[in-house]
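I have placed the structure first, in the form of structure tokens, so that the comments after it can refer back to it.
Residue numbers (my numbering), protein chains in the order written: chain F, 1 to 226; chain C, 227 to 497; chain L, 498 to 752.
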């Protein structure tokens, strides 16, 4: 077991931040960059879409739901494949792999955020909206000043669950060889061959710590609001 | 009217399989939730076949009092005797036996929402008492007729009104021929026009041999049907008297104030 | 937009690969679902009857497998845990057996299939356990009290009152988890398991018909998901029935 430990320590900086010295972030660092990057895109997009779906029931809401079903009805890996092939066609150039995966993750996650925020909007007592209407607020104002602040606090557990999924889903970059933590761990395993248990247990542990930290933070934030 | 339904259960010599005397006695019963006392030394004796109405303001501990009888709540200290036998340290099996001999009707009806009216009655007969299904079926239908719900036997609770659900709940409680039946504010969750149908069922049940303890706000029921009225306030029994005496000449000042508020709400300050 | 050549993926060798991959996905989904269901039952049983230790064990199981990525779990099972199994067993699995082929020419007694099914099952069981527990908790406490007041034992209470209603509450999320399992089987391509995603990429490297191959794969996953969802919803209990409001009911009472 001690021998297994050494493979971790020998490769620790590669596992933690990839070839950062050569300008190529990797490992845990890249995992975090992709997760936060995707979240930064998915959160506003999802909230905006939820606002649209809430304000315009009927064709627009049905279309948004169909879009969400389409996205989440296929494996995430396929969303990544589609992005991988369509984005260069649309932008005419070559995008770095990590960016493509991040965009795919953001696209996929936005659908989940939309559902979660919409559920939160519909769970608010009708009286909140009616009070705003009776005072002459427009829809956008109502959402921005009155409803969303409440909804975002109420749906924080659900949103943090979505972020935890996002953190785990960055591991799919393994399939397209983008050097985040799982890919890097796989590379080390291919090279060293004899300590797979140590390598993958370490990898699992890192993800576990990241996810639990997010979970605990979310609990800490939601408690005072109760 | 209901006496024909009270056949005694099969011979089973265990503790509470059949009560020789359906009496309930509270001895210095105390109930606390943490530091908060809810019942402060209750002493009360209910004789077999008696109908006792328990009245009192909200928060007085009256619901807790009857929930202690079938141990939906547990005692902090004191003892409750049923059929003259202590019930505090019962084994799990003996407790289940006791509960199957004591019927309980809830304020919120608590019918099993995934079962039809008939199934609500047959389930315990088959699963707790081991009845064959044909016998349980017949018994359930007989009980549903007695409470006037025979045509709704195949309906699910969510299609029934509150009054209808409570009548089915009473039929369910009667299925195992209990010798003691407890009612925890049976009409408090009902719309006014449905209260009557439930009270009529309870009236038919009274004085048929079954011991009835009823926590209620229905003063007319207490006045007409009860043998004794127990007034409880602040966790203590303040007055026990036959209804004519209690309603016309209440002796305890708090009982007087309570009656004034309840019977004459717009003129509470008049004596 | 490049011209799409559907013939290139829907005939000959590529078609064989697609069919093989699709059937493999279906079989591993079934196997994984079986493992997941059995493990979930075990976890629920342990949680409900195992006392403090049982509850702690299940909580640790759920926490561990929900907070680590499935891919890392699969890599662990395939590269690390597999080698921990006795050599004799591994040799038996690696050898060819006439009974280790399922209809559609899918080999199930292989390290890849077994590790994939096991990994998918373990991962999904953690989620299923939580969904069913939530469904059980959502049953109103009055139901429990009514059953206790009638003298039901804990086991009969669970079987006749809590479980039917709890499962009905949880059925939609449970179906979602099984559908997830089907979609997540795509990750098994990462350990070289020849299911649909693996075969799609194989076509891509064979004749570079990436978009066509991805389209076929996408369509197959979508349709399978819809079909599976409908089937499971039909087979499952209906959710807790909605109560009508008092005003609706009163107008229906005979005068």
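Backbone N, C-alpha and C define an ideal beta-carbon position, used for all residues, glycine too. On a predicted model such as this, the values are computed, not experimentally measured, just so you know.
Checklist entry - Any contact of the stretch 632–651 of chain L with the stretch 555–571 of chain L, i.e. 3+ C-beta pairs under 8 Å? => result As far as the Cβ criterion goes, the stretch 632–651 of chain L does not touch the stretch 555–571 of chain L, which means the pair count is below three.
Checklist entry - Can you round the beta-carbon distance between residue 712/L and residue 522/L to whole angstroms, since I take them to be within the 8 Å contact cut? => result Your pair residue 712/L and residue 522/L does not check out as a contact, with CB atoms roughly 16 Å apart and the cut at 8 Å.
Checklist entry - Which ranges would you report for the alpha helix (DSSP H) in the stretch 304–328 of chain C if only whole runs of at least 4 residues count? => result If we require 4 residues or more, the alpha helix (DSSP H) runs fully inside the stretch 304–328 of chain C come out as 318–327.
Item to check | the stretch 37–70 of chain F: positions lying closer than 8 Å to chain L by Cβ | outcome: Answer set for the stretch 37–70 of chain F: 70.
Next on the checklist: Strictly under 8 Å for the Cβ-Cβ distance: is residue 107/F near chain L by that measure?
Outcome noted: Interface with chain L (8 Å Cβ-Cβ cutoff): residue 107/F is excluded.
Checklist entry - Of the choices 220/F, 144/F, 110/F and 117/F, whose alpha-carbon is the least far from that of residue 42/F? => result The alpha carbon of residue 42/F has as its nearest neighbour, out of 220/F, 144/F, 110/F and 117/F, the alpha carbon of 110/F.
Item to check | C-beta contact flag for residue 218/F and residue 179/F at 8 Å | outcome: Contact: no.
Checklist entry - Among the residues of its own chain, which have a CB less than 8 Å from the CB of residue 609/L, if the five just before and after it don't count? => result Excluding residues within five positions, the ones whose Cβ falls inside 8 Å are 575, 685, 688, 689, 690 and 691.
Checklist entry - Does residue 236/C come within less than 8 Å of chain L when only Cβ atoms are used? => result At residue 236/C the pLDDT is 30, less than 50, meaning the model places this residue with poor confidence; the figure from the coordinates comes in the next sentence. Output row for residue 236/C: interface = no.
Next on the checklist: With a threshold of 6 Å on Cβ separation, who are the neighbours of residue 29/F within its own chain once the five nearest residues in sequence on each side are excluded?
Outcome noted: So the qualifying residues of the chain are 17.
Checklist entry - Residues of chain A with CB under 7 Å from residue 97/F, in chain order? => result This model lacks chain A altogether; the protein chains it does include are F, C and L.
Next on the checklist: Can you check whether the C-beta of residue 744/L is within less than 8 Å of a C-beta belonging to chain C?
Outcome noted: Residue placement at residue 744/L is poorly supported in this model, since its pLDDT is 34, which falls under 50; the coordinates are not used for a value here.
Next on the checklist: Helix, strand or coil, according to DSSP, for residue 348/C in the structure here?
Outcome noted: DSSP places residue 348/C in helix when its eight states are reduced to three.
Checklist entry - Should residue 666/L go down as buried or exposed, given a rule of 16 or more other Cβ atoms within 10 Å for buried? => result Around the beta carbon of residue 666/L, 16 or more other beta carbons sit within 10 angstroms, so the residue counts as buried.
Next on the checklist: Distance check for residue 348/C and residue 673/L, CA to CA, integer angstroms please.
Outcome noted: Taking the straight line from one Cα to the other gives about 35 Å.
Checklist entry - What's the gap between the Cα of residue 344/C and the Cα of residue 331/C? => result Residue 344/C and residue 331/C have their alpha carbons spaced roughly 17 Å apart.
Next on the checklist: Helix, strand or coil, according to DSSP, for residue 18/F in the structure here?
Outcome noted: Residue state for residue 18/F is assigned as strand, using DSSP reduced to three classes.
Checklist entry - Exposed or buried, what is residue 662/L when buried is set at 16 or more other beta-carbons lying within 10 Å of its beta-carbon? => result Residue 662/L should be labelled buried.
Next on the checklist: Contact criterion: CB-CB distance below 8 Å. Does residue 680/L meet it with respect to chain F?
Outcome noted: With 8 Å as the cut-off, residue 680/L counts as an interface residue toward chain F.
Item to check | Whole-number beta carbon distance between residue 734/L and residue 668/L, since they are thought to touch under 8 Å | outcome: About 6 Å separates the two Cβ atoms, so the contact holds.
Checklist entry - Using a beta-carbon distance below 8 Å, is residue 197/F in contact with chain L? => result With 8 Å as the cut-off, residue 197/F counts as an interface residue toward chain L.
Checklist entry - Three or more C-beta pairs closer than 8 Å, one from the stretch 167–181 of chain F and one from the stretch 524–532 of chain L: is that the case here? => result Short answer: they don't touch.
Item to check | Same chain, Cβ closer than 8 Å to residue 160/F, neighbours up to 5 away in sequence not counted | outcome: Excluding positions up to five away in sequence, the list reads 214, 215, 217 and 218.
Item to check | residue 572/L to residue 200/F span [Cα, whole Å] | outcome: One C-alpha to the other measures close to 7 Å.
Checklist entry - Does the distance from the C-beta atom of residue 717/L to that of residue 679/L stay below 8 Å? => result No.
Checklist entry - Since residue 473/C meets chain L, which of its residues come closer than 9 Å, beta carbon to beta carbon? => result Within chain L, not a single residue places a beta-carbon under 9 Å from that of residue 473/C; the smallest gap is close to 31 Å.
Checklist entry - What is the DSSP secondary structure of residue 434/C, counted as helix, strand or coil? => result In the structure shown, residue 434/C sits in coil (DSSP, three-state: anything other than H, G, I, E or B).
Checklist entry - What distance in whole Å lies between the Cβ atoms of residue 545/L and residue 625/L, which are believed to be in contact at a cut-off of 8 Å? => result At roughly 15 Å, the Cβ-Cβ gap does not stay under 8 Å, so residue 625/L and residue 545/L are not in contact.
Checklist entry - Is the CB of residue 631/L under 8 Å away from at least one CB in chain C? => result Answer no: the Cβ-Cβ gap between residue 631/L and chain C never drops below 8 Å.
Item to check | 7 Å Cβ cut-off: residues of chain F touching residue 577/L | outcome: By Cβ distance, chain F contributes 196, 197 and 200.
Checklist entry - Do residue 388/C and residue 415/C come within 8 Å of each other at the CB atom, strictly closer than that value? => result Yes, Cβ-Cβ distance for residue 415/C and residue 388/C is below 8 Å.
Next on the checklist: For residue 751/L, count the other beta carbons within 10 Å of its own beta carbon; 16 or more makes it buried, fewer makes it exposed. Which is it?
Outcome noted: Bear in mind that a pLDDT of 44 at residue 751/L, under 50, signals an unreliable position, so the number given afterwards is only what the model happens to contain. Burial is judged here by how many other beta carbons sit within 10 angstroms of a residue's own beta carbon; residue 751/L has fewer than 16 and is exposed.
Item to check | Beta carbon proximity, residue 296/C to chain L, threshold 8 Å | outcome: At least one CB of chain L lies nearer than 8 Å to the CB of residue 296/C.
Checklist entry - Should residue 340/C be flagged as near chain L, meaning a C-beta pair shorter than 8 Å? => result It does; some Cβ of chain L falls within 8 Å.
Item to check | Contact residues within the stretch 154–174 of chain F, judged by C-beta distance below 9 Å to chain L | outcome: Those residues of the stretch 154–174 of chain F that come within reach of chain L (Cβ to Cβ, closer than 9 Å) are 164, 167, 168, 169, 170, 171, 172 and 174.
Next on the checklist: Using only CA atoms, which one of 112/F, 79/F and 113/F lies nearest to residue 102/F?
Outcome noted: With distances taken between CA atoms, residue 102/F lies nearest to 79/F out of 112/F, 79/F and 113/F.
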